[in-house]
């Protein structure tokens with residue numbers, strides 16, 4: 075569990091989730107909406123609630139199809155809690171003067187580079203091709219940035235983690251840190267997909283791959299050459315393909331790469347995609363890693379372990395200072411026993427286009 079967490083690429087997964095799962099925002103032309111909760115001046119509608127439910131189902135199906143139903147059943151009870159959490163954090167972000175503009179531009183540009191797109195217009199077209207409005211897409215990312223920054227400033231920065239804490243975590247979770255034998259691979263690909271069976275073009279591609287291998291053996295950086303010359307999707311990351319366990323690769327490729335040492339580079343390999351040069355960036359033996367080996371990652375693991383309960387306490391305090399009204403039949407599982415009681419009950423189908431426009435003005439979208 076924790077080993078998988080250490081190795082995850084959080085930013086890339088977040089970006090991918092935003093592209094595929096970003097919910098469509100309500101249009102100003104919507105005349106009727108059922109309000110199920112109010113958080114100070116903001117409203118949460120039944121449509122908001124149902125979109126979160128659907129996203130929960132989609133994510134569960136992607137992560138673990140076999141246990142998706144159980145995951146959805148467990149998560150359903152906290153859907154409204156999450157929506158209220160988000161509104162409280164957005165409002166706190168406004169109070170703190172947090173702006174997502176700079177970070178938003180940075181993330182969009184990183185995404186553009188990862189997708190090998192020339193301009194933001196191309197990125198907008200890519201989002202549209204996924205059936206997502208680019209403005210909605212950016213707003214979802216902006217919301218995520220603001221809530222993350224509030225959490226870091228108000229909660230994360232106050233978590234003091236010592237070396238003793240890290241050592242204790244290691245001792246308590248040692249068995250969970252057991253890992254299989256793995257290799258981290260990087261590639262340089264000279265594609266032949268456009269060759270169309272033309273022997274001259276295929277020979278030229280092989281000659282280029284041979285030349286790149288000579289440059290690497292002469293001391294040139296594999297990662298730099300991958301960024302400049304590789305035609306594979308991992309080029310922006312210096313060719314990094316990630317970690318592979320035994321049994322996850324084709325046998326011929328597995329026999330080759332698992333027989334290589336760290337930083338060793340293969341000869342040119344002919345594949346269906348073209349000519350490939352592989353590098354074993356890491357070669358980890360099976361077993362439990364030593365404390366020193368994973369010490370840099372332990373602080374993050376302890377941080378994540380402590381963040382959730384600390385965040386829940388923080389959000390309870392925000393609830394105590396807020397006016398929160400929930401429609402009968404819905405439950406906020408994050409409610410604080412010290413919360414003041416609501417004085418207004420949200421009724422079905424009372425929202426108008428005017429109120430939705432006001433919602434946008436208040437900064438929800």
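Residue numbers (my numbering): 75 to 439. We put the beta carbon where it would ideally sit given N, CA and C, even for glycine.
Query                                                                                                    : Result
Residues that residue 358 bridges to, as DSSP identifies them                                            : 256
Cβ separation of residue 398 and residue 158, assumed to be a contact under 8 Å, to the nearest whole Å  : 7 Å
Cβ neighbour criterion (16 or more within 10 Å) applied to residue 238                                   : exposed
Spatially closest choice to residue 383 from 306, 370, 368, 408, by CA coordinates                       : 408
Distance, residue 379 Cα to residue 235 Cα                                                               : 11 Å
Residue environment, residue 187, which counts as buried when at least 16 other CB atoms sit within 10 Å : exposed
Proximity below 8 Å, CB of residue 401 to CB of residue 121                                              : no
Cβ separation of residue 258 and residue 317, assumed to be a contact under 8 Å, to the nearest whole Å  : 5 Å
Buried versus exposed, by CB contacts within 10 Å (16 or more), residue 242                              : exposed
Coarse secondary structure for residue 337, derived from DSSP in three states                            : coil
Three-state secondary structure assigned by DSSP to residue 235                                          : coil
Within the region 112-184, ranges of the alpha helix (DSSP H) (whole runs, at least 4 residues)          : 120-137, 142-150, 153-169
DSSP beta-bridge partners of residue 350                                                                 : 263, 343
Cross-strand partners of residue 318 (DSSP beta bridge)                                                  : 257
Three-state secondary structure (DSSP) of residue 395                                                    : coil
Spatially closest choice to residue 404 from 166, 320, 156, by CA coordinates                            : 156
Candidates 213, 364, 390, 184: closest to residue 173 by CA position                                     : 213
The region 322-336 in contact with the region 221-232 per 3-pair CB rule at 8 Å                          : no
Residue 289 (DSSP reduced to helix, strand or coil)                                                      : helix
Coil, strand or helix - residue 192 by DSSP                                                              : coil
Member of 211, 222, 353, 358 whose CA lies at the smallest distance from the CA of residue 166           : 222
Beta-bridge pairing of residue 400 - partner residues as DSSP gives them                                 : 111
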